[in-house]
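This report concerns only the one structure given below.
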Amino acid sequence: MQKTILIADDHPEIRTLVRITLSSDGFNVAECKTAPEAVALAKKISPHLILMDIDMPGEYNGITATQILSTDPETIKSPVIMLTASKDLQDDSLRSGAVAYLTKPFSPLALLKHVQLFARNN
Numbered sequence: 030m031q032k033t034i035l036i037a038d039d040h041p042e043i044r045t046l047v048r049i050t051l052s053s054d055g056f057n058v059a060e061c062k063t064a065p066e067a068v069a070l071a072k073k074i075s076p077h078l079i080l081m082d083i084d085m086p087g088e089y090n091g092i093t094a095t096q097i098l099s100t101d102p103e104t105i106k107s108p109v110i111m112l113t114a115s116k117d118l119q120d121d122s123l124r125s126g127a128v129a130y131l132t133k134p135f136s137p138l139a140l141l142k143h144v145q146l147f148a149r150n151n
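Note that this note's numbering numbers the sequence shown so that position 85 is 114, with each residue one more than the last.
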């Protein structure tokens, strides 16, 4: 079964890099541009993993979205990895429910390793 990864990032070039990296390893990738879109799409598709930027336009940021996702019964089984340019928000991110924190620029190989490690198996 092909696993679905949701990437929430307002930069299309980041989404493209992530999609190419993960697709080449057999993952299906869904994309959105804002944290509220990520919450709504996660409820709809139940991804095996969510890659979340912190600073995006919209009603709230990636940390708030992660708090929502990690406590909502509909999305609690979808782990969140923060993938962000913010170097100083790791503690806040992990407290919000993220399972890992990767900073941009990132190594595609490191990203793939984290996705393989944390993507849920069901």
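Glycine included, each C-beta is placed from N, C-alpha and C at the ideal position.
{"Query": "Nearest neighbour of residue 74, chosen from 49, 34, 54 and 93 [CA to CA]", "Result": "34"}
{"Query": "C-beta atoms of residue 109 and residue 79 nearer than 7 Å", "Result": "yes"}
{"Query": "Residue 131 versus residue 69: straight-line alpha-carbon distance, rounded", "Result": "23 Å"}
{"Query": "Coil, strand or helix - residue 132 by DSSP", "Result": "strand"}
{"Query": "Neighbourhood of residue 59 by C-beta, 7 Å cutoff - its chain only, sequence neighbours within 5 removed", "Result": "33, 35, 70, 74 and 76"}
{"Query": "Enclosing beta strand (DSSP E) for residue 112 [first to last residue]", "Result": "109–113"}
{"Query": "Whole-angstrom distance between residue 103 and residue 72, CA atom to CA atom", "Result": "6 Å"}
{"Query": "As assigned by DSSP and simplified to three states, the class of residue 98", "Result": "helix"}
{"Query": "Proximity below 7 Å, CB of residue 142 to CB of residue 114", "Result": "no"}
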